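Residue numbers (our numbering), protein chains in the order written: chain A, 17 to 336; chain B, 1129 to 1419; chain C, 849 to 1090. Here's the structure, in structure tokens; my notes come after.
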Amino acid sequence: MRPYIPLGAYLALMALAFALPEYSKQIASIAFYMALGQAVNIFVGLTRYVNFGYAAFLGIGAYGLGAAILYMPQLGIATIPIGLALGMGLAALLALTVGAIALRLRGAYFAIATIGLNEGIKHLIIGANIWGGGAGLMLGSSMFKVYGRDLALFLANVGSAALILLTGLISVLAMYFIQAGRAGYALAAIRQDEDAAKVMGINPTRYKLLAFVTSAVLSGLLGAAFFSLGNMQVFPENVFFIDYILDGLAVMFLGGAGTVTGPIVGGLIYYGARYLVGIYLPGLQSLITSLIVFLVMLFLPNGIVGTLNRRSEGLRTWLP
Amino acid sequence: MDVIPYFLSGLILGSIYGLTTLGLSLIFGVLRVVNVAHGSFVMLGAYAAYFAFILWAWPPFATALLAFAIGALLGYLVYIGVIKPLNKAGELNVLVALFALGALIAEIARLLWGPDFVGYRWNIGSVEVAGLQIDISKLAGAVLALAIALSLDLLLRRTYFGRSIRAVVQDPVGAMVVGINVDRVFAASAAIGIAITTVGGVFLTLFIPVGINPYMGGPYTLIGFVIAVLGGLGSLLGAYTAGLLLGVIESLGFYAFSVAGFAEPSEMALFLEFALLLLVLLFKPTGLFKL
Amino acid sequence: MNLLKVDNVVKKFGGLRAVDGVSFELEKGEFLAVVGPNGSGKTTLLNLISGVYRPDGGRIFFEGRDITGLPPYSRARLGMSRAFQVPRPFPELSVLENVMVGAIFNGGRDLKTAREAAEEALRYVGLYEKRNQPAGKLTFNELRLLELARALAGNPKLLLLDEVMAGLNPREIDAMVQLIKRLAEERGIAAISLVEHRMRAVAQLAHRVIVMHQGKVIAEGPPEKALNDPKVVEVYLGRPWR
């Protein structure tokens, strides 16, 4: 596997965001779908387990950065890096807790545990009135105070796009390094026959947890970059929105689960499809999304890149 | 303040929760498939009750029969169109397709009926039990739910069809060898399972006078899974009993969170249910009851 | 100290006692055949030893250490390798990668040493030429050999063989018998093999035979003696087992 083309794609888009800052919001939107599919892929593609609570990690990451910006302005310039670390840390903690409990069990039970995750965390934040409760966090004025108006707006536009693209890029690298090492062999074995893998000395929970936490941390980073930095606000109804789960699954399965190039291709097509639907069939985006996922599962379960990959060795190497 | 009314109303609501979960448990028990589209079928049942009441003044218990037929047809289609063709490809494909289907049904409902909350009120008087005014409609719903749960259990234990279901559950290959049409058993279980889920949605409307909306399924999916796991996935009477238990926990939790001064006690009660799910998965993933 | 000690293990499924108080010991380098008709409990016994099931009673010791509560992957790392009756390759991995999985996780080796061990195991069973094919494309006999190579690459002290002769033709059985014999003699690897059919292959291979019936051991000893035990003949009466 040679990851140069997918890595190059993210670097090129990043250069574009800096060169054409007036288009950075559009680039950020496209990149969001790519990175979303990429982060979902690290867990779902590598383990063939499905995480229906995915949006919870986006949300918790957004809250990490949001809380840092709003409640720790004394950190100054360091607010954002520390906030990002906080968001990723919270996502990791949540993934470790849920994963250590539910990844010991079979896929069906894991799916059940995660389907409540998103709702569960949302209800906790609203119900216990944590971090602004149902009213959410408004970050604009704190951002202006800490970074000054111009820099804050630059960070929200270009900075957010670049960070989203960086999330995609790190996801590609994470996928590459996981697959190149022992964990790659373990996960390949677990995907294909978990019982046989166990008898060969593989502890399935450990490797599934590795993929789950990696995916969660990158999702946390993505949530922070997109909501807290890009939109300068965090609303529970917004960040814990079930549609993001379907978006991530749509992008990943369109491109091809388990492939590294897949989410880039899937993200581009998916963004295009949503854009056109927004113009010609406004209000039907969510319907089209669920229809896409449903049809892809029925008729193209390996996705575009996954299907092409099966045809030729060269494609498998260069478009992994 | 007294706990008893909360306990009683929890028990009554719990009977309906138990009913809505029977289908989930049956489908998992027979097909080994987690119906993650569960909530959307609850939602369809709720809309059926609403429209039949508003348009034709049907009482919900009459609508239940209609909902059973609609649910059975949909369940059969879900089996033929989704579960059967995808089962070979693996669990992931089935789960994701069902999840997307659930969202698709909700979106179609929004397209047809709009995003707003609707509801109706079927008032046939009330009785006083232990100092609590209980609507007769709710009480009758709870009793009827118990009757349905017991009949379904009896159906599985006593009839030829029930015995072939249990044979398939225990040993699909062996069942095939002795001449049971496994495919037909699967299709029938999916049909009955989703039919009962839809009926559960009809009954639920007795308790949520303004709570019908295309996206209402989300929390009921969560509640359904908590109950199914508590009762032991695949066990019918286990699911019903766990439904009662969860109804009580939710109601008492609501009471406790209000007393403790939480601004949104119902949200906290939902979180409590999620925490409970994790605890059961941690300590007793096979469920609490042996029924 | 013996390699494996099974002490009065019991496994129940509902009301059925699938394994009902079985005890035996196994020496280093010893080859033991567990014989019994379908449903006699021998597969359950193998699953108890490899850790797929936990016993409802009794204990299991490996090199003197109580392993009754250990999960399968920990047992594998102690030096137990299992070959399934129906070969279970990872079909999308190549033959070499399949064997590498066996080598990597038993004993915590890095990828380079694991690759060497895997290549060596493939040469040993005669599959080296096919190392780059996807495992899904092998013939049934080759899958059996792959299964064995995968078990071998983990450098095991004990091989658990689940009916590895079933479905092979007489010539393939001969080759497999020679291979397992060589393993015992050249490398001192002990083995437990389940046998339901083709007792001829067993008799010339095993050091010792245990005969199971309805979850219990009904005869034990050298092949000639155990297989001709009157109780065993009775259990197999009417079966063309010779």
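The beta carbon of each residue, even a glycine, is placed where N, CA and C say it ideally should be. Keep in mind it's a predicted model, so treat the numbers as computed, not measured.
Query: Take residue 1086 of chain C and list the residues in its own chain whose beta-carbon comes closer than 6 Å to its own, dropping the five residues that flank it on each side.; Result: Low confidence applies to residue 1086 of chain C: its pLDDT is 49, below 50, so where it sits in the model is not reliable enough to give any reading.
Query: Are residue 1246 of chain B and residue 1226 of chain B touching if we call contact CB-CB under 8 Å?; Result: no
Query: Among all the DSSP beta bridges, which residues are the ones paired with residue 836 of chain C?; Result: For chain C, the structure presents residues 849 to 1090; residue 836 of chain C sits outside this window and is missing.
Query: Look at residue 1220 of chain B and residue 66 of chain A and say whether their C-beta atoms are less than 8 Å apart.; Result: yes
Query: Quick one: does residue 198 of chain A have its CB under 8 Å from some CB of chain B?; Result: no
Query: Which residue wins for smallest C-alpha separation from residue 1354 of chain B, given the options B:1416, B:1394, B:1385, B:1333?; Result: B:1416
Query: Could you have a look at residue 1090 of chain C and say whether DSSP puts it in helix, strand or coil?; Result: Since pLDDT at residue 1090 of chain C reaches only 45, below the 50 mark, its modelled position is unreliable, and no value is offered.
Query: Measuring only between beta-carbons, confirm whether residue 202 of chain A sits less than 8 Å from chain C.; Result: yes
Query: Can you pull the chain A neighbours of residue 1325 of chain B, defined as C-beta to C-beta under 7 Å?; Result: The contacting residues do not exist; residue 1325 of chain B stays about 15 Å from chain A at best.
Query: Looking at the structure shown, is residue 1344 of chain B part of a helix, part of a strand, or coil, going by DSSP?; Result: coil
Query: Starting from the Cα of residue 80 of chain A, find the closest Cα among A:266, A:233, A:37 and give me that residue.; Result: A:233
Query: Rounded to the nearest angstrom, how far is the Cβ of residue 946 of chain C from that of residue 994 of chain C, given a contact under 8 Å?; Result: 6 Å
Query: Taking the alpha-carbon positions, what's the residue 1167 of chain B to residue 263 of chain A distance?; Result: 20 Å
Query: Please list, in chain order, the residues of the segment 28–62 of chain A that have any C-beta partner in chain B closer than 8 Å.; Result: 60
Query: If you draw a straight line from the alpha carbon of residue 1310 of chain B to that of residue 1294 of chain B, how long is it in whole angstroms?; Result: 11 Å
Query: In or out: residue 315 of chain A buried (at least 16 other Cβ within 10 Å) or exposed?; Result: exposed
Query: So is residue 317 of chain A in contact with chain B if we call contact Cβ pairs under 8 Å?; Result: yes
Query: In the DSSP assignment, find the unbroken beta strand (DSSP E) run with residue 943 of chain C in it and report its ends.; Result: Careful: residue 943 of chain C lies outside any beta strand (DSSP E), inside the alpha helix (DSSP H) at 943–953.
Query: When we look at the beta-carbon of residue 1389 of chain B and count the other beta-carbons within 10 Å, is it buried (16 or more) or exposed?; Result: exposed
Query: Kindly list, in the order they appear in chain A, the residues whose Cβ is closer than 7 Å to that of residue 966 of chain C.; Result: Neighbours of residue 966 of chain C on chain A: none; closest Cβ ~11 Å, over 7 Å.
Query: Taking the DSSP output, what are the residues bridged to residue 1068 of chain C?; Result: C:1058
Query: So that I know if they touch, is there some Cβ in chain C lying closer than 8 Å to that of residue 219 of chain A?; Result: yes
Query: For the segment 1197–1204 of chain B against the segment 1305–1320 of chain B, do three or more pairs of beta-carbon atoms, one drawn from each stretch, fall closer than 8 Å, so that the two count as touching?; Result: yes
Query: Report yes or no: do three or more beta-carbon pairs, one from the segment 122–129 of chain A and one from the segment 93–107 of chain A, lie closer than 8 Å?; Result: no
Query: Which residues of chain B have a Cβ atom closer than 8 Å to the Cβ of residue 376 of chain A, listed in chain order?; Result: A question about residue 376 of chain A goes unanswered here, because the residues of chain A that appear run from 17 up to 336.
Query: Give the DSSP bridge partners of residue 907 of chain C, in chain order.; Result: C:855
Query: Hey, does residue 159 of chain A have any beta-carbon neighbour from chain C nearer than 8 Å?; Result: no
Query: Between residue 153 of chain A and chain B, is there a C-beta pair that is closer than 8 Å?; Result: no
Query: Rounded to whole angstroms, what's the CA-CA distance from residue 1206 of chain B to residue 1222 of chain B? Just pull it up for me.; Result: 11 Å
Query: Buried or exposed for residue 325 of chain A, going by 16 or more other Cβ atoms inside 10 Å?; Result: buried
Query: Taking only beta-carbon positions, decide if residue 990 of chain C is within less than 8 Å of chain A.; Result: no
Query: For residue 1298 of chain B, count neighbouring Cβ atoms within 10 angstroms of its own Cβ and tell me buried if that reaches 16, exposed if not.; Result: exposed
Query: Does the Cβ of residue 1079 of chain C have 16 or more other Cβ atoms within 10 Å, making it buried, or fewer, making it exposed?; Result: exposed
Query: Tell me, to the nearest whole angstrom, how far the beta carbon of residue 901 of chain C is from that of residue 859 of chain C; I am working on the premise that it is less than 8 Å.; Result: 6 Å
Query: Hey, which unbroken runs of the alpha helix (DSSP H) at 4 residues or more fall wholly within the segment 973–1044 of chain C?; Result: 988–1001, 1018–1035
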